[in-house]
Every structure is written in structure tokens, then in C-alpha cells.
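The block underneath contains the structure these notes are about, expressed in C-alpha cells.
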Amino acid sequence: MTSSGSAPSASRPATLRAMRYASLYLCLLTMEVVLHYMYVVAIKDARAWAADTPVQLCMLGFWNLIVVWLKLLLPWRFFRLCALADGVELPENMVRCMANNYLPKAFWRAWHRSFNLWTTRHVFHPRTPHPALLTPRRCVYIPHDLSFKLLAWGWLISLFILPEIIANLLLPASKYGEHWWYRHLCAAGAVGNILMMMGANMVGFVLGVDGIKYLLSQLTGTVAGWQFLIVACIVIFMVVHLMFEYREEKKRQGISRRF
Numbered sequence: 001m002t003s004s005g006s007a008p009s010a011s012r013p014a015t016l017r018a019m020r021y022a023s024l025y026l027c028l029l030t031m032e033v034v035l036h037y038m039y040v041v042a043i044k045d046a047r048a049w050a051a052d053t054p055v056q057l058c059m060l061g062f063w064n065l066i067v068v069w070l071k072l073l074l075p076w077r078f079f080r081l082c083a084l085a086d087g088v089e090l091p092e093n094m095v096r097c098m099a100n101n102y103l104p105k106a107f108w109r110a111w112h113r114s115f116n117l118w119t120t121r122h123v124f125h126p127r128t129p130h131p132a133l134l135t136p137r138r139c140v141y142i143p144h145d146l147s148f149k150l151l152a153w154g155w156l157i158s159l160f161i162l163p164e165i166i167a168n169l170l171l172p173a174s175k176y177g178e179h180w181w182y183r184h185l186c187a188a189g190a191v192g193n194i195l196m197m198m199g200a201n202m203v204g205f206v207l208g209v210d211g212i213k214y215l216l217s218q219l220t221g222t223v224a225g226w227q228f229l230i231v232a233c234i235v236i237f238m239v240v241h242l243m244f245e246y247r248e249e250k251k252r253q254g255i256s257r258r259f
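Here the sequence shown is numbered in full-length UniProt numbering, starting from 1 and rising by one per residue.
Structure, rendered in C-alpha cells:
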């Protein structure tokens, strides 16, 4: 981040803020416990999932994503803690838990919050035509790694944002938000968003392209897979309503966020 990009986001925090912030290192203990007692990363690396059921495959993918979230959260929290201890407060990344998101755009705004502010200010121009945005998006995705699975992940992420954009255009909250069915329709759409985002991230960081093909074949090609998928969608639908209410409560407290 350049000095011109970071200066507008910096402020002087309270002295005790850094000490309180250090308590979040309980996340380190959480990750160590997960890695010690759950062998999901080893199973993923060894690709030892051939005999797993659809439920086990999905849990393998979910907990690997939790591990990815934790292992990225820790260094970002550590370096921001260093900045707080030095008396400078910068935008915090990953301000929501991975499992507390239902919109792709909001998910990435929260995950890479400081990077999002930098790219919005220095890379993306607000008047740039939408097709022209694909070039800077590639510049954002490619530095992760020059591998096919991460290129596929980048394109899937870009593709899976489209349903949210189209839904907002066809069914804007300003026009339909007062109808009783609108909240339930949004929750149903959020179920699809969550499944797509989890699938895309599994391609990039867990199962790879071949692994996600095998997972989809088990989910859609077996009776047990369909049973699990239906139950999972119902559970996610209910959990999304809890996410809605959580955000509404924050608004009632005067806290309004775009993510």
C-alpha cells in the first residue's frame, strides 16, 4: 500500500486498544486444536477421499476452508496488531467469520477489506465499463499462484458474482423490500450464493478441479448425496435468516456496513 493510499485510512487508536486486540490470538489456539484433532488438511493433501460419503466430502471441504480462514486471519491480525502497538490504526481484514457471509461481493469486501480499499482507489476506476474490469480482476487473481486451479478459482469467483448483480437489478430492495416474501426469497438466493462460493473456494484451495468434479458426482449421482444436499439447503436457509437478523440488530445499534 502506498503512503497516499494508506494515509486516508490511518488514525491514532486508543492506548489500550492494542492490548485488547491481542486477545484475538485465541484464534491461534483454535487452529492448533483443529489441526491436531481433525486430519482434514492431511486427507486433502493426500487426496485420500475416494471412500468418503457425500457428507464426509462436504465436511472435509468445509473444515479445510475454516483452516484457510484461520491461517490467513492470524498473520493479518498480527501485522495489524504491530501497527496498533505503534499507534496507527489501519483497516482490518476478515472482519466477519467465513461462515457468516451470504453475498459474494460483501464476502470479498470483508475478507480483503484493506486491499479492497486500495484497489478501489488505485486500480478500479468507478466509471470503467464492466467488461474492462476483467483485466484488473485478472491482475488481482494471478498473483495468488500461476496454477490452473487458482485461475479456475478466479474465473469462478467472477462468474458467481453475476447472480447477485442480476438479482439486485431485477428485484431491488427499494421496490420489493416491504413485501413479506422478499426476505424469504433473498434467503433462498443466499443459499445458492453460499454453495457457489464454497464450491469456488474448494476448487482453489481444497479439492482442486478434479476433486470438485468428484464431489459433484457424489452429490448429484447418489441418493445419499441428494438427501444431504436437500437437508443442507434447508439448514443453510434457516441460518441465513439468523444472519439477516444479526445484521438488522447491528443496524438498530447504529452500525451499518456494506459487508
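We treat Cβ as the ideally placed atom computed from N, Cα and C, and that holds for glycine.
Mapping the DSSP letters down to three states, classify residue i as helix, strand or coil.
i: E89; result: strand
i: A173; result: helix
i: residue 296; result: The shown model of the chain, from 1 to 259, leaves out residue 296, and the question about it has no answer.
i: I255; result: coil
i: T222; result: coil
i: W181; result: helix
i: D52; result: coil
i: L103; result: coil
i: V95; result: coil
i: I230; result: helix
i: Y39; result: coil
Taking buried to mean at least 16 other C-beta atoms within 10 Å of its own C-beta, is residue i buried or exposed?
i: I236; result: buried
i: F205; result: buried
i: F148; result: exposed
i: P54; result: buried
i: G221; result: exposed
i: L16; result: Its pLDDT being 49, under 50, L16 is placed unreliably by the model, and nothing is read from it.
i: R77; result: buried
Kindly list the residues whose CB is nearer than 8 Å to the CB of residue i, restricted to its own chain and excluding five residues on each side of it in sequence; keep chain order.
i: I212; result: G199, M202 and V203
i: S256; result: K250
i: Y182; result: L171, A173 and Y176
i: G208; result: K149
i: R80; result: Y21, L90, E92 and N93
Looking only at its chain, what residues have a beta carbon closer than 7 Å to the beta carbon of residue i, apart from the 5 residues adjacent to it on each side?
i: F160; result: P104, M196, M197 and A200
i: Q218; result: P54, L57 and G225
i: I194; result: Y102 and I236
Query raised in the report: Does the pairing of the region 66-76 with the region 238-250 give three or more beta-carbon distances under 8 Å?
Result: no
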